[in-house]
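Chemist:
Protein chains: 2
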Amino acid sequence: MYQQFVDTCQKLENHYRDMQDIEFTVEKGTLYMLQTRNGKRTARAAVKVAVDMVNEGLITIEEALQRVDAEQLNQLLHRQIDTSVKLEPIAKGLPASPGAACGKVVFDANVAEKLGGAGEKVVLVRSETTPDDIHGIIHAQGVLTSRGGMTSHAAVVARGMGKPCVCGCEVIKIDPSGTQFTVNGLVVKEGDIITIDGATGNVMLGEVPMIEPTLSDEFETLLQWADQVKTVMVRANADTPEDAARAREFGATGIGLCRTEHMFMAQERLPYVQEMIMAESTEERQKPLAKLLEFQRQDFYGILKAMAPYPVTIRLLDPPLHEFLPDHESLLLEIAQLTHENADSKTILEKEEMLKKINSLSEANPMLGHRGCRLGITYPEIYRMQARAIFEALLQLKKENVEAFAEIEIPLVMDISELAMLKAEIESVYEDIKAESGEELKYAVGTMIELPRACITADKIAAEAEFFSFGTNDLTQTTLGFSRDDAEGKFIPVYLEKKILRDNPFAVLDREGVGVLMQIAVEKARSVKPDVLMGICGEHGGEPSSIEFCHMIGLNYVSCSPYRIPVARLAAAQAAIKHKH
Amino acid sequence: MYQQFVDTCQKLENHYRDMQDIEFTVEKGTLYMLQTRNGKRTARAAVKVAVDMVNEGLITIEEALQRVDAEQLNQLLHRQIDTSVKLEPIAKGLPASPGAACGKVVFDANVAEKLGGAGEKVVLVRSETTPDDIHGIIHAQGVLTSRGGMTSHAAVVARGMGKPCVCGCEVIKIDPSGTQFTVNGLVVKEGDIITIDGATGNVMLGEVPMIEPTLSDEFETLLQWADQVKTVMVRANADTPEDAARAREFGATGIGLCRTEHMFMAQERLPYVQEMIMAESTEERQKPLAKLLEFQRQDFYGILKAMAPYPVTIRLLDPPLHEFLPDHESLLLEIAQLTHENADSKTILEKEEMLKKINSLSEANPMLGHRGCRLGITYPEIYRMQARAIFEALLQLKKENVEAFAEIEIPLVMDISELAMLKAEIESVYEDIKAESGEELKYAVGTMIELPRACITADKIAAEAEFFSFGTNDLTQTTLGFSRDDAEGKFIPVYLEKKILRDNPFAVLDREGVGVLMQIAVEKARSVKPDVLMGICGEHGGEPSSIEFCHMIGLNYVSCSPYRIPVARLAAAQAAIKHKH
Numbered sequence: 259m260y261q262q263f264v265d266t267c268q269k270l271e272n273h274y275r276d277m278q279d280i281e282f283t284v285e286k287g288t289l290y291m292l293q294t295r296n297g298k299r300t301a302r303a304a305v306k307v308a309v310d311m312v313n314e315g316l317i318t319i320e321e322a323l324q325r326v327d328a329e330q331l332n333q334l335l336h337r338q339i340d341t342s343v344k345l346e347p348i349a350k351g352l353p354a355s356p357g358a359a360c361g362k363v364v365f366d367a368n369v370a371e372k373l374g375g376a377g378e379k380v381v382l383v384r385s386e387t388t389p390d391d392i393h394g395i396i397h398a399q400g401v402l403t404s405r406g407g408m409t410s411h412a413a414v415v416a417r418g419m420g421k422p423c424v425c426g427c428e429v430i431k432i433d434p435s436g437t438q439f440t441v442n443g444l445v446v447k448e449g450d451i452i453t454i455d456g457a458t459g460n461v462m463l464g465e466v467p468m469i470e471p472t473l474s475d476e477f478e479t480l481l482q483w484a485d486q487v488k489t490v491m492v493r494a495n496a497d498t499p500e501d502a503a504r505a506r507e508f509g510a511t512g513i514g515l516c517r518t519e520h521m522f523m524a525q526e527r528l529p530y531v532q533e534m535i536m537a538e539s540t541e542e543r544q545k546p547l548a549k550l551l552e553f554q555r556q557d558f559y560g561i562l563k564a565m566a567p568y569p570v571t572i573r574l575l576d577p578p579l580h581e582f583l584p585d586h587e588s589l590l591l592e593i594a595q596l597t598h599e600n601a602d603s604k605t606i607l608e609k610e611e612m613l614k615k616i617n618s619l620s621e622a623n624p625m626l627g628h629r630g631c632r633l634g635i636t637y638p639e640i641y642r643m644q645a646r647a648i649f650e651a652l653l654q655l656k657k658e659n660v661e662a663f664a665e666i667e668i669p670l671v672m673d674i675s676e677l678a679m680l681k682a683e684i685e686s687v688y689e690d691i692k693a694e695s696g697e698e699l700k701y702a703v704g705t706m707i708e709l710p711r712a713c714i715t716a717d718k719i720a721a722e723a724e725f726f727s728f729g730t731n732d733l734t735q736t737t738l739g740f741s742r743d744d745a746e747g748k749f750i751p752v753y754l755e756k757k758i759l760r761d762n763p764f765a766v767l768d769r770e771g772v773g774v775l776m777q778i779a780v781e782k783a784r785s786v787k788p789d790v791l792m793g794i795c796g797e798h799g800g801e802p803s804s805i806e807f808c809h810m811i812g813l814n815y816v817s818c819s820p821y822r823i824p825v826a827r828l829a830a831a832q833a834a835i836k837h838k839h
Numbered sequence: 259m260y261q262q263f264v265d266t267c268q269k270l271e272n273h274y275r276d277m278q279d280i281e282f283t284v285e286k287g288t289l290y291m292l293q294t295r296n297g298k299r300t301a302r303a304a305v306k307v308a309v310d311m312v313n314e315g316l317i318t319i320e321e322a323l324q325r326v327d328a329e330q331l332n333q334l335l336h337r338q339i340d341t342s343v344k345l346e347p348i349a350k351g352l353p354a355s356p357g358a359a360c361g362k363v364v365f366d367a368n369v370a371e372k373l374g375g376a377g378e379k380v381v382l383v384r385s386e387t388t389p390d391d392i393h394g395i396i397h398a399q400g401v402l403t404s405r406g407g408m409t410s411h412a413a414v415v416a417r418g419m420g421k422p423c424v425c426g427c428e429v430i431k432i433d434p435s436g437t438q439f440t441v442n443g444l445v446v447k448e449g450d451i452i453t454i455d456g457a458t459g460n461v462m463l464g465e466v467p468m469i470e471p472t473l474s475d476e477f478e479t480l481l482q483w484a485d486q487v488k489t490v491m492v493r494a495n496a497d498t499p500e501d502a503a504r505a506r507e508f509g510a511t512g513i514g515l516c517r518t519e520h521m522f523m524a525q526e527r528l529p530y531v532q533e534m535i536m537a538e539s540t541e542e543r544q545k546p547l548a549k550l551l552e553f554q555r556q557d558f559y560g561i562l563k564a565m566a567p568y569p570v571t572i573r574l575l576d577p578p579l580h581e582f583l584p585d586h587e588s589l590l591l592e593i594a595q596l597t598h599e600n601a602d603s604k605t606i607l608e609k610e611e612m613l614k615k616i617n618s619l620s621e622a623n624p625m626l627g628h629r630g631c632r633l634g635i636t637y638p639e640i641y642r643m644q645a646r647a648i649f650e651a652l653l654q655l656k657k658e659n660v661e662a663f664a665e666i667e668i669p670l671v672m673d674i675s676e677l678a679m680l681k682a683e684i685e686s687v688y689e690d691i692k693a694e695s696g697e698e699l700k701y702a703v704g705t706m707i708e709l710p711r712a713c714i715t716a717d718k719i720a721a722e723a724e725f726f727s728f729g730t731n732d733l734t735q736t737t738l739g740f741s742r743d744d745a746e747g748k749f750i751p752v753y754l755e756k757k758i759l760r761d762n763p764f765a766v767l768d769r770e771g772v773g774v775l776m777q778i779a780v781e782k783a784r785s786v787k788p789d790v791l792m793g794i795c796g797e798h799g800g801e802p803s804s805i806e807f808c809h810m811i812g813l814n815y816v817s818c819s820p821y822r823i824p825v826a827r828l829a830a831a832q833a834a835i836k837h838k839h
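Top to bottom, those sequences are chains A and B. Residue numbers for the first sequence follow our numbering, beginning at 259 and rising by one. Residue numbers for the second sequence follow our numbering, beginning at 259 and rising by one.
(1) By the three-class DSSP mapping on this structure, what secondary structure does B:I317 have?
(2) When the distance is taken between beta carbons, is A:P577 closer than 9 Å to A:R632?
(3) Output the distance between the C-alpha atoms of A:S785 and A:D497, rounded to the nearest integer angstrom.
(4) Chain B partners of A:V774, CB-CB under 7 Å?
(5) Based on the DSSP secondary-structure assignment, which residues constitute the bridge partners of A:A349?
(6) According to DSSP, simplified to helix, strand and coil, what is B:M842?
(7) Please decide whether B:D744 counts as near chain A, where near means a Cβ-Cβ distance under 9 Å.
(8) Alpha carbon to alpha carbon, how far is B:V570 from B:G512? Give it in angstroms, no decimals.
(9) What did DSSP end up calling B:I758 once you bin it into helix, strand or coil?
(10) In its own chain, which residues sit with a C-beta less than 8 Å from the C-beta of B:F508, not counting the 5 before and 5 after it?
(11) Whose Cβ in chain B lies nearer than 9 Å to the Cβ of A:L677?
(12) Specify whether the region 675 to 685 of chain A and the region 576 to 594 of chain A touch according to this definition: at least 3 beta carbon pairs, one from each stretch, less than 8 Å apart.
(13) Rounded to whole angstroms, how far is the Cβ of B:R527 from the Cβ of B:L550, which I believe are closer than 8 Å?
(14) Can you have a look at B:R295 and say buried or exposed, based on whether 16 or more other CB atoms are within 10 angstroms of its CB?
(15) If you reduce the DSSP assignment to three classes, tell me which class A:F477 lands in.
(16) Closest to A:K787 by CA distance: which of A:E346, A:A721, A:E665 is it?
(17) Suppose you measure from the CA of B:E541 to the CA of B:A524; what does that come to, to the nearest Å?
(18) What is the DSSP secondary structure of B:G793, reduced to helix, strand or coil?
(19) Determine, using beta carbons only, whether B:I823 comes closer than 9 Å to chain A.
(20) Residue ranges of each beta strand (DSSP E) run of no fewer than 3 residues wholly in the region 677 to 721 of chain B, ordered along the chain?
(21) Alpha carbon to alpha carbon, how far is A:A328 from A:E685?
(22) Who are the near neighbours of B:L775 in its chain, counting only those whose CB is closer than 8 Å to its CB and skipping five residues on each side?
(23) Would you mind giving the Cβ-Cβ distance between A:I707 and A:I674, rounded to the nearest angstrom? I have them listed as a contact below 8 Å.
(24) Give me the chain E residues within the contact set of B:E770, using Cβ-Cβ distance strictly less than 7 Å, ordered along the chain.
(25) Quick one: which chain A residues come within Cβ less than 9 Å of B:H598?
(26) Within 9 Å (strictly less), CB to CB, does B:S727 reach chain A?
(27) Among the residues of its own chain, which have a CB less than 6 Å from the CB of B:V414, if the five just before and after it don't count?
Spelled out as structure tokens, the structure:
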């Protein structure tokens, strides 16, 4: 009977050509096979088994590519909590950036920089982060915030850096003294050790066993096979030369989204950005713009060089200007405090001026407000400065014989005339540069497609655009009427629980709604310009099911954060295999 | 030559069958006719000329209907500034509600109520209004605010009451003392007389000559002719029995939008609404809900009776709950003040509890947040209470032999499952009522179509909906990515000036974007349910070009504010004539 069992197992494994997880029983001397299915395995084992089986001639490359779960690859790229150990989380927030981090609790970015710079492992804990905290985040193992959603500052910055982050962990209450936090009665002091798991949102007290990421040769082999099979290119969302270099290591062939606002938020630049915003006239705005031009030229030089000869899509300034000013509430309370203390009236007056500006820029719904190309229309000098910085960087690279290519991207377009007007501004800057230098440069001008109206009028917009990049984060927000910051905390969990939604539409592309609009846009655009370059740069660009959809509607590329690139390469290959016929 | 001139004029007027505005010259004994065109006239004259010419057999009814500019009819319904007098406005705000008003400046709703109630003419001047000011608005001739857009509280309330309103007049600075405002150095004190023109946004010092509205017999005749020709029905947006009665006088045949949130905002109800919001559990929520049920039953009884036997579309609660709580900033400063004054800690604690609730409900983009049917999904007990109030009102009317009909409307649906789930809740309440009373009632359940995804999936949604009402205010916001509150003040003026937009898309329906989505929705819905009732209840429902578009895509009705109904009746007739063949 033992031999019968072994033979049957062999037969089953040969039949399914995969490791089997088999249930059987022996009753009254008879062997009964109850069930068989492909055995579960870790990502690392899955990759190794698949590559080995190809090398042994048991399966084809296409079969091997289908054997590995693309999402599971993520495990290999980040440090993981060892799930064989039983965990007792003290809190749970949003899983904002994958990977696990462990370190001493610190509440201040300067302290994080000091201790982290000295080699100590720290976790930065804040109610929320601002650009002023960046130097602290850089030196921390990870970030934990009590407020903010998946698109909060902490979440976006941490994902970009590949650092673990748990955000919106509302159950932790940070003491105003900034020396401890409490969670359900438990007090956690500065210096205490915690572990955060950015893949699940769990927060644990003390150190927890972890598994280090390892990139095997088989992993590399599998991804090279994926590149041979996939038809959709994989680009990276990257804002710095360092991110660009990392993205190339992971196999990116271009940058699909370089956000310029993060460049504005750096500590040494923010004062000039604020000066530009506070300026009362176009003339007053010139001085800070000249300063910002210098910074931006270096930014673009660095990133274009790091990615050359691959293209870099540079998005012109997108967020509403009030994001660059101090927080309204803190300033309001500061003024109240100063008034009570009878501080000198000049100081109060200055603060009140700033408050007045903040009030005049404040918006009821900033997501749908004065941002994107609307800034370019109302303040053309800002976009002109950015265009000049790009051209001057290209010029410098040309002199160094570096073959770089910039795709200048106009965000939040809802009508062809916005794009036409701003494209003319960019071209006029280019004509100036050409006249000044006598040199010709290669570049393209295109647009984000991130509003329903842009999809509906894509045939008109395509006439002026050399490329389209679907911004599916914003397109999901407007198509569903979901503000991501509000929805993910407040009602998406209920919607998932009640099965109104099968997936969070910000994680997995909503094919029935957003997808149909994308399809309309692709068809309309290709009807007038068959070769227009089209890609996706929303977070969906790194998610397997969304990548499959992008393949199905014929996009040219997907763009995602550097750490998702291996996932995207495999998912793109799987989509190509699945929809081959 | 004089006779030759008279003959030619006669010939021209007979040819064009309309009063002519003629240019001519006589040179060297020869008469030259230089130009002729239809003569301009006031709305009143246009109506009279058109009706007279029909009665004299010169033109047909259809021609008469085309001779009058529908938008111009508005002149006849509101008091107008006499434009023959030269005006010197001291400020200009947004033209938020048409008509002209003149009176003494008051800064406080209580004072407005006291003086207005005593027969004095007053204009209420506020930075912005809240539900606490309603009693003052009722007793004022008009409202002037320094903050807020076309959908601010003051604007919406004033339009509903048919009262003139100028809002967002940022150039006026209201003194914190609340006894005067300054505008470009000019000081206007409480009690000074001002005139506001809600049609232009102008603010004038002192009294300005006005023209009173007059509804002639010819006006009535013309509108009756319009009713014979038009195929689109005209309903009203009305929230009270008084509005409903006024709408009937103007010729409405139903209510296309009855908003229930205004009912929640009345002074005597707000405490219960707040108690409901602050409740920590479904049980705690029962007591205030029971109280609100009584109020709502009376609300619905009144409005259904006033409109019977025509249908009333009752929209279940739509705005985010934080709109019913005190203003965050005022409360924050109050707590700071109390703390400085060492007030007793219990008072501070209570205020802090409220602040905490406000914080937990606050949203980054409330327009895209936890509102509409999302409230019904997360707090089904609120929608159940409203459904019960509707059914109990219908029951009472049935006992009184009044044949009323309610259309229960679910707002902000983006997916069929939201509608299916809430329809099931409503039906379960109806089953309870039927069991309790032994009576059967007539009603329908349908949905607003106000999100792009609802348009794209309209075929699926139609399966569960007995009617669709296009909420084009929100649909415009999401399709274009324009927050109305922010866009109208900040960048739409620039867009109009630079000719990126031809019209404000919140005033004139954007056919190319929003219109295409509506058309997709109509086609998809009719493909599965050819007889589904479809209308529009956004502000576009009262604008001639938008009404024409609604006729073209085959909507069954338009719904607009009571004062726009004559405009809508004529515009609907003109659309029917224009697209007859």
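C-beta: ideal position from N, C-alpha, C; glycine also. Computed from a predicted structure; not experimentally measured.
Modeler: Quick look at the numbers:
(1) Residue mapping note: residue 317 of chain B aligns to position 59 of the second sequence, counting from 1. Correct three-state label for B:I317: coil.
(2) Reading the first sequence from its first residue, position 374 is the one you call residue 632 of chain A. Reading the first sequence from its first residue, position 319 is the one you call residue 577 of chain A. No, they are not a contact pair.
(3) Start at 1 with the first residue of the first sequence, and residue 785 of chain A comes out as number 527. Start at 1 with the first residue of the first sequence, and residue 497 of chain A comes out as number 239. Each residue's Cα considered, the two are about 33 Å apart.
(4) Position 516 of the first sequence, counting from 1, holds the residue named residue 774 of chain A. Per Cβ cutoff of 7 Å: I714.
(5) Start at 1 with the first residue of the first sequence, and residue 349 of chain A comes out as number 91. Looking at the DSSP assignment, A:A349 forms a beta bridge with A:V461.
(6) The requested residue 842 of chain B does not occur in the structure, where chain B is confined to residues 259 to 839.
(7) One-based indexing of the second sequence puts residue 744 of chain B at position 486. Taking a beta-carbon distance threshold of 9 Å, B:D744 counts as an interface residue toward chain A.
(8) Residue mapping note: residue 512 of chain B aligns to position 254 of the second sequence, counting from 1. Residue mapping note: residue 570 of chain B aligns to position 312 of the second sequence, counting from 1. So the alpha carbons of these two residues sit roughly 6 Å apart.
(9) For the purposes of this step, residue 758 of chain B is identified with residue 500 of the second sequence, where counting begins at 1. In this structure, B:I758 counts as coil in the three-state DSSP scheme.
(10) Counted from its first residue, the second sequence places residue 508 of chain B at position 250. Result list for B:F508: A494, P820, Y821, I823, P824, in chain order.
(11) If you number the first sequence from 1, residue 677 of chain A lands on position 419. Within 9 Å Cβ-Cβ: nothing; A:L677 doesn't reach chain B, min ~10 Å.
(12) At 8 Å Cβ cutoff, the stretches do not touch.
(13) Counting from 1 along the second sequence, the entry for residue 527 of chain B is found at position 269. Counting from 1 along the second sequence, the entry for residue 550 of chain B is found at position 292. Sure, about 7 Å apart at Cβ, within 8 Å.
(14) Residue mapping note: residue 295 of chain B aligns to position 37 of the second sequence, counting from 1. It is exposed - the Cβ of B:R295 has fewer than 16 other Cβ atoms within 10 Å.
(15) Your numbering for residue 477 of chain A matches position 219 in the first sequence. It is helical.
(16) Sequence index remark: in the first sequence, residue 787 of chain A carries index 529 (1-based). Ranking A:E346, A:A721, A:E665 by CA distance to the CA of A:K787 puts A:A721 first.
(17) Within the second sequence, the letter at position 283 stands for residue 541 of chain B. Within the second sequence, the letter at position 266 stands for residue 524 of chain B. Looking at the two C-alpha atoms, the distance is approximately 24 Å.
(18) If you number the second sequence from 1, residue 793 of chain B lands on position 535. DSSP places B:G793 in strand when its eight states are reduced to three.
(19) Here the question's residue 823 of chain B lines up with position 565 in the second sequence. Not one chain A Cβ lies under 9 Å of B:I823.
(20) With a minimum length of 3 residues, the continuous beta strand (DSSP E) runs that stay inside the region 677 to 721 of chain B are 701 to 707.
(21) Along the first sequence, one-based indexing puts residue 328 of chain A at 70. Along the first sequence, one-based indexing puts residue 685 of chain A at 427. The C-alpha of A:E685 is placed about 42 Å away from the C-alpha of A:A328.
(22) What you label residue 775 of chain B is simply residue 517 of the second sequence in a count that begins at 1. Excluding positions up to five away in sequence, the list reads P710, C713, I714, L733, T737.
(23) Locating residue 707 of chain A in the first sequence gives position 449, counting from the first residue. Locating residue 674 of chain A in the first sequence gives position 416, counting from the first residue. About 12 Å separates the two Cβ atoms, so there is no contact after all.
(24) Checking the listed chains, one finds no chain E in this structure; the protein chains it contains are A and B.
(25) Residue 598 of chain B sits at position 340 when you count from the first residue of the second sequence. The answer, in chain order, is A594, Q595, H598.
(26) Locating residue 727 of chain B in the second sequence gives position 469, counting from the first residue. For B:S727, the nearest beta carbon of chain A is not closer than 9 Å to its own beta carbon.
(27) Within the second sequence, the letter at position 156 stands for residue 414 of chain B. Cβ within range, chain order: n/a, list empty.
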